[in-house]
Structure formats: structure tokens, C-alpha cells
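>
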Amino acid sequence: MPVQAISDWVDELRKRANDRGIRFTAETDGRIFHFVLGEDPGIIGKVRTSEGQSREFRDDQGVEYIWHRYNREQEQAESDDPRRVVNITLDVWDTGRYDLDQDHFLFLTEEMVTAGTYSKGDQKIRVLGSGEYDGPLARHVDDWDAVFSYAVNDSIDDQAESSRSEDSENWYRVGARYYDSTDPERDEFQSWIKGPLESGIGNSAGIRVVEAKTGPQKGEVTAVVIVSSELDDPDGFNRWDDEFDLNNGLIHYWGDAKRSGSESDEPIDEDEFPGNQQLRAVHRLNTTDQRTRYPPILVFRRPESGVVEFNGLCVIEQVELDEFEDNGVPTPNYLYHLGVLDVEEVPLSWIHQRTETGSDALAPDVWHQWVESGEVTPGMRYGEASVTPEPVDDTTIAGPSDTTDTAGRISTGEQTQVRISQEFRNETHDTYGECILTEISDPRLLQVAHILGRADHPEIAEDIGNVVLLTHTHHAAFDADLWTFDANGRLWVSPEFESNDPWLQNTLTLREGAQIPALKDSPVRTEFIQERNSQLDWWPVDD
Numbered sequence: 013m014p015v016q017a018i019s020d021w022v023d024e025l026r027k028r029a030n031d032r033g034i035r036f037t038a039e040t041d042g043r044i045f046h047f048v049l050g051e052d053p054g055i056i057g058k059v060r061t062s063e064g065q066s067r068e069f070r071d072d073q074g075v076e077y078i079w080h081r082y083n084r085e086q087e088q089a090e091s092d093d094p095r096r097v098v099n100i101t102l103d104v105w106d107t108g109r110y111d112l113d114q115d116h117f118l119f120l121t122e123e124m125v126t127a128g129t130y131s132k133g134d135q136k137i138r139v140l141g142s143g144e145y146d147g148p149l150a151r152h153v154d155d156w157d158a159v160f161s162y163a164v165n166d167s168i169d170d171q172a173e174s175s176r177s178e179d180s181e182n183w184y185r186v187g188a189r190y191y192d193s194t195d196p197e198r199d200e201f202q203s204w205i206k207g208p209l210e211s212g213i214g215n216s217a218g219i220r221v222v223e224a225k226t227g228p229q230k231g232e233v234t235a236v237v238i239v240s241s242e243l244d245d246p247d248g249f250n251r252w253d254d255e256f257d258l259n260n261g262l263i264h265y266w267g268d269a270k271r272s273g274s275e276s277d278e279p280i281d282e283d284e285f286p287g288n289q290q291l292r293a294v295h296r297l298n299t300t301d302q303r304t305r306y307p308p309i310l311v312f313r314r315p316e317s318g319v320v321e322f323n324g325l326c327v328i329e330q331v332e333l334d335e336f337e338d339n340g341v342p343t344p345n346y347l348y349h350l351g352v353l354d355v356e357e358v359p360l361s362w363i364h365q366r367t368e369t370g371s372d373a374l375a376p377d378v379w380h381q382w383v384e385s386g387e388v389t390p391g392m393r394y395g396e397a398s399v400t401p402e403p404v405d406d407t408t409i410a411g412p413s414d415t416t417d418t419a420g421r422i423s424t425g426e427q428t429q430v431r432i433s434q435e436f437r438n439e440t441h442d443t444y445g446e447c448i449l450t451e452i453s454d455p456r457l458l459q460v461a462h463i464l465g466r467a468d469h470p471e472i473a474e475d476i477g478n479v480v481l482l483t484h485t486h487h488a489a490f491d492a493d494l495w496t497f498d499a500n501g502r503l504w505v506s507p508e509f510e511s512n513d514p515w516l517q518n519t520l521t522l523r524e525g526a527q528i529p530a531l532k533d534s535p536v537r538t539e540f541i542q543e544r545n546s547q548l549d550w551w552p553v554d555d
């Protein structure tokens, strides 16, 4: 059922349509479209809301935006339905009501909603003040006449310029999702990266490279593109899973050493795999005299078929050789610890220019800082600044929820992000010194793990009684509710968690019921761990 503000506006549209003698029909499935206006063929409309109280606001720039994906409208425009599709965006303080005297609406024609590209930002509507907006989509504000004229097939001069012109700038923004399609008109991945270059990254899995074919860097790798797929084993817990921790500016990515069916009983050499060869060669360039040749690493996740999500501009901080028992057969692989640099947007023009000319003139400032130092210092790492919670949009490429339309904001693929400060991270490391389950103490391999999630409990995100220190693998298992501990510091494992990995067996499953010294004497508050455990499907356990 539509939210009240949408119902209010649609009721007003019905009244005005009746006064004008124009046919009006309310759509029966109000979760997707809300009205049909006119006939032969008329228009079909979707109403979205943008709440001023929760809208994306860049306080440092004084900029406020309304930003929707218009995915449903674009799908409708591509269908065989002869009706033209339109969007109505309500600018309201909250979705409780739509007040004709205080609130405002923007009317977008089919030409407007199909011309823009959300991922490039040209679907932004800048909010200048009450009822005042800027941008190519802000042409019709509170314009009832335009709505009815368009409904009866009159032209209102709304041919929007396509955002996919060859001269337009393409860039990737952290958390945004992009289409990966074989259709060049739709694709926002391979074709964007290739751009004016002679060759692109191809369609290989996992680790791909951009290579200069001409110019001063001919034959060299000028950029690396990593794609981590979430489609292989969506339900199981696999130690080979890559770990993404953007709040801490860290990504832990496994190399491409894979065991195929034909070699299931044969030893494999992790150094023979092309992806590992490429990444280790890149890592060796992190020296004072070679760092200017170091290629930027763009990391993506594939949350669903045909879609990639950008997760940041990265460099390799450490390479670790590990071994996993796969059905009793040793399977070695490299684990790459990537530092995510503190930049929200990466222009593809930089990648193209450095490939063609060797110049980093268009690189973000933080890239130049890293090339100078070779280290990801606290001020250069993404996510380390302490900020207040920011609401984010629905994480699917389909955009806002069908049941509640909200102001369009960048998707993150996670819950609402609440970042913790470097000072608190340091305090946690000082308190524990090492992982509470292992003797690992290298800060680069450890993460601050919250007992009660910081997205749901931002008020205790920096409470030392709500955190422990874990390796990234144990942290992932903890967040997946595969293990926990009680107020007495005893470790408990989910009955559904089984692992053939000796390391996980020795640190988790074989220690079930044992009292962990680091937990027994930890500052974890009893009420926090009890609340967490009460939410577990498999709790309480039998002692």
C-alpha cells in the first residue's frame, strides 16, 4: 500500500483530472505504479518521495540532492506497453502527508527518466530551497498543466540530451552499482573501462588488467580490475570468501588459485595462476624508484548477475600465503590485504590518460600521496574518519523499495554504515593486543568486531564494552552467527557450522564450551553479549 504522502498526491491528481474531464485510473498494484492518466494511449505514472529529514546532504559543501534510479520507469519504457511512463517526485519533509501549500512535486517525462544514468550522477536534482531546484530533471515543478498536457499526447518540449554521449565523463563511485552487459548501449563496466583505448579488460573472471598498447608505457599494466563474485556459494561459509570491510578501509581478497575437477588429487602451484602472477608483480612495484609505475587497483563485487558494485580504489598492503584443506587435499593460495584509499569517486579519464600517456595528472590527490609515501596512513584510508550515520538506499540495482520510496542515495551493499574513529580503533588494539582466539597481533590482520551491530546501535559503536579484536576470518564467522561466547567467556559454535579446515577447527569447533582467557577477562559488557545471543536461532545451548 502506498505511503500516505503518495496517496494524498494521487487523490489530488484524481480530483484535478475529473475537473478537466481527463480519464484517471488508480493502478491496482500501487507498489510499482500508482496511476494511469489519459487514453489512446495515455501515461502510466510512478510516484516517489524524497524526505527532507533524511536526504543526502553534503555538509562540507552545503549541497543537498534528490537522487533516484528510476529503474521501474526505465523498464516500463522498454516494454511493449504503448503508454508513456512518467515519474512524480514528491519533495516532503516526511512521508506522513503531502501538503499542497507547503510541499512540492517534480514532474519527469519518459524522455527525461530514460536519458539520465544514475551511476554517473546526471539524475541528481539539486535542492536550492523550498520549491527551488537545479539540474536537467528540474524542469517542471508543481506544474499540473505539464502533467495533463503530456497525458493527452501534447508536446511539452522535453527531449533530454542523452547522458551516454561520447564526450560525457564516466566515473565510479564507492557503493554504487553498474550494469555489466554485452549491450554497449547499456554496459557501464567493460565498455567504460575500455573507453578510447585499443583494448579493454575482457571478460575473464576475477583478476583483469588494462595494458598499454602504445605510448611510453607500452606493454605495461596500467590498471588492475578485481571482481569478487558472490554468486558461487551464496549459502555456505567458505574460508576462501573475500572479506569487505569498507568501514575500516580494508578488503581481503583471495587469489585465483583454484582446484578444478581434473586436478582434484594433484598438487597445485599457486604461482602458476595468471592472476596471482599479476598481483604479486604489482606488489613488487611498491618501491621508491618503481612506485610511479604502480597500477591503480579498482575493486568490484558482483552481487547478482549482470551487475557490479564498486568498492574502491585500492593498493596491496600485504600478501599472505595460506593453505586450505579441500577434501583432504592441500590447496595453497595467496591472500591479498588491500588498503582502500580515501576517495569516493574515480574518473575513468584518469585510467585512460595514464594508459595512453603515462600521466597521472587526473589522479585523485590521495593517489599522489600514496605514490609519495608507499603507505596507507590513517588519513589516507577510506572509512577512518568518524562520522554520523548516513541512511542509504535499498541495495538492489532495482533501486528504492516497492513499498516505500525514499530519497535516492548511493547503495553500499551493506547496512547503514557507522564508521568508528582511528582513536577508538587504537584503543581496542591497546586493550586486547591480539585476536582473542589466536595469537595473531599484527594490526593489519585484525579487525574491530562489534557484539551488537553498529548500524542498529550507533550509540555504542565506540563503547569498548561492545567490541572484541578478531582476525578477518573469525570476524566474518562471528557476524554470520556461526559462533559466539557467553558472559563467562566460554566459546559456543552453531550446530550448523562444520569445517574441514584445521585452523578453524583448532580455533573454534574443537574449543566449544571452553573458557577463553582473553574473553573471561575482557571488558565486554554482560548485557551486550546476552542481547546478541538472545537473537541467535540456535541459542541457548546445552552445557
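Residue numbers for the sequence shown follow our numbering, so the first one is 13 and each next one is one higher. Backbone N, C-alpha and C fix where the C-beta goes; we use that ideal spot for every residue, glycine too.
In chain order, what are the residue ranges of uninterrupted beta strand (DSSP E) at least 3 long that sit wholly in the region 58-118?
Fully enclosed beta strand (DSSP E) runs of 3 or longer: 75-79 and 96-104.
> Report the partner residues of TYR184 according to the DSSP bridge assignment.
For TYR184, which the question treats as bridged, DSSP gives the partners VAL358.
> Between the region 341-348 and the region 360-379, do three or more beta carbon pairs fall short of 8 Å?
Verdict: no, contact absent.
> May I have the straight-line CA-CA distance separating ASP113 from GLN16, to the nearest angstrom?
Straight-line Cα distance between these residues: approximately 16 Å.
> Looking at the strands, I want to know which residues DSSP matches up with VAL460.
Paired residue(s): LEU481.
> What does a CB cutoff of less than 8 Å around VAL294 pick up in its chain, not counting 5 residues either side in sequence?
If we look at VAL294 and ignore the five residues flanking it on each side, its Cβ neighbours are VAL233, VAL236, TYR306, PRO307, ILE309 and ILE328.
> Leaving aside the five residues before and after ASP20 along the sequence, list all residues of the same chain whose C-beta is less than 7 Å from its C-beta, in chain order.
Only ARG109 and TYR110 meet the Cβ criterion.
> Unbroken alpha helix (DSSP H) runs of length 4 or more, entirely within the region 496-548: which are they?
Runs found: 514-519, 529-532 and 538-546.
> With burial defined as no fewer than 16 other Cβ atoms inside 10 Å of the residue's Cβ, what is the status of GLU510: buried or exposed?
Answer is exposed; the Cβ neighbour count stays below 16.
> Checking 8 Å against the spacing of the C-beta atoms, do GLY501 and ILE528 come in under that value?
Against a cut-off of 8 Å, the Cβ pair of ILE528 and GLY501 comes out as a contact.
> Taking the alpha helix (DSSP H) that TRP266 falls in, what are its first and last residues?
No alpha helix (DSSP H) holds TRP266; the beta strand (DSSP E) holding it covers 262-266.
> Can you say whether PRO286 is buried or exposed, counting buried as having 16 or more other CB atoms within 10 angstroms of its CB?
When all chains shown are included, PRO286 counts as exposed.
> Relative to the C-alpha of ARG437, which candidate in ALA461, ARG296 and LEU449 has its C-alpha closest?
Comparing Cα positions, the closest option is ALA461.
> Spatial neighbours of VAL159 within its chain, please: C-beta separation below 6 Å, excluding the five flanking residues on both sides.
PHE119, listed in sequence order.
> Which of helix, strand or coil does DSSP assign to LYS27?
In this structure, LYS27 counts as helix in the three-state DSSP scheme.
> Count the other C-beta atoms from every protein chain shown that fall within 10 angstroms of the C-beta of GLU122, then say buried if there are 16 or more, exposed otherwise.
It is buried - the Cβ of GLU122 has at least 16 other Cβ atoms within 10 Å.
> Would you mind working out which of THR300, ASP92 and ILE44 sits nearest TYR82, comparing C-alpha positions?
Nearest C-alpha to TYR82: ILE44.
> How close, in whole Å, do the beta carbons of ASP334 and GLN459 come, if the pair is a contact with beta carbons under 8 Å?
Contact doesn't hold; Cβ gap of about 17 Å is too wide.
> So, at 7 Å on beta carbons, what are the nonlocal neighbours of GLY563 in its own chain, with the 5 sequence-adjacent residues on each side left out?
With the chain represented from 13 up to 555, any question about residue 563 goes unanswered, as that position is not in the structure.
> Label LYS136 either buried or exposed according to how many other C-beta atoms from any shown protein chain fall within 10 Å of its C-beta, with 16 as the threshold for buried.
That one is buried.
> If the criterion is Cβ atoms closer than 8 Å, does the pair ILE432 and ASN259 meet it?
Contact flag set, yes.
> Excluding the 5 residues preceding and the 5 following GLN65 in the sequence, name in chain order all residues of the same chain whose CB lies nearer than 8 Å to its CB.
For GLN65, where only same-chain residues beyond five positions count, the Cβ hits under 8 Å are TRP105 and ASP106.
> My assumption, with CB atoms under 8 Å, is that ILE55 sits in contact with ALA163. Please give the rounded CB distance.
Contact holds; Cβ gap of about 5 Å.
> Which term fits ARG198, buried or exposed, when burial requires 16 or more other beta carbons within 10 angstroms of its beta carbon?
It counts as exposed.
> Check whether the Cβ atoms of ILE263 and VAL352 sit closer than 8 Å, and answer yes or no.
Yes.
> Per DSSP, ASN345 is paired with what?
Paired residue(s): ASP334.
> In three-state terms, what does DSSP make of ASP406?
Confidence at ASP406 is low in this model, with a pLDDT of 30, below 50, so the placement of that residue should be treated as unreliable; the coordinate-derived value is given next. Three-state result, ASP406: coil.
> Whole angstroms are fine: how far does the CA of SER546 sit from the CA of ASP268?
Approximately 39 Å, taken between the alpha carbons.
> Could you spell out where the alpha helix (DSSP H) holding THR37 opens and where it closes?
THR37 -> not in any alpha helix (DSSP H); beta strand (DSSP E) instead, spanning 36-38.
> State the Cα-Cα distance for the pair ARG523 and GLY318, rounded to the nearest angstrom.
About 42 Å.
> Quick one: what does DSSP say ILE18 is sitting in, helix, strand or coil?
The answer is helix: DSSP assigns ILE18 an H, G or I state.
> Identify the continuous alpha helix (DSSP H) that holds LEU291 and give its terminal residues.
286-295 is the extent of the alpha helix (DSSP H) around LEU291.
> What residue does the beta strand (DSSP E) around ILE205 start on, and which one ends it?
No beta strand (DSSP E) holds ILE205; the alpha helix (DSSP H) holding it covers 202-206.
> From ASP195 to PHE201, what distance separates their C-alpha atoms?
Rounded to whole angstroms, ASP195 to PHE201 spans 11 Å at the Cα level.
> Going by other Cβ atoms of all chains shown within 10 Å of its Cβ, with 16 needed for buried, is GLU321 buried or exposed?
By the 10 Å Cβ count, GLU321 comes out buried.
> With the cut-off set at 8 Å, would you say GLU446 and LEU481 are in Cβ contact?
Yes, the pair counts as a contact, with Cβ atoms nearer than the cut-off.
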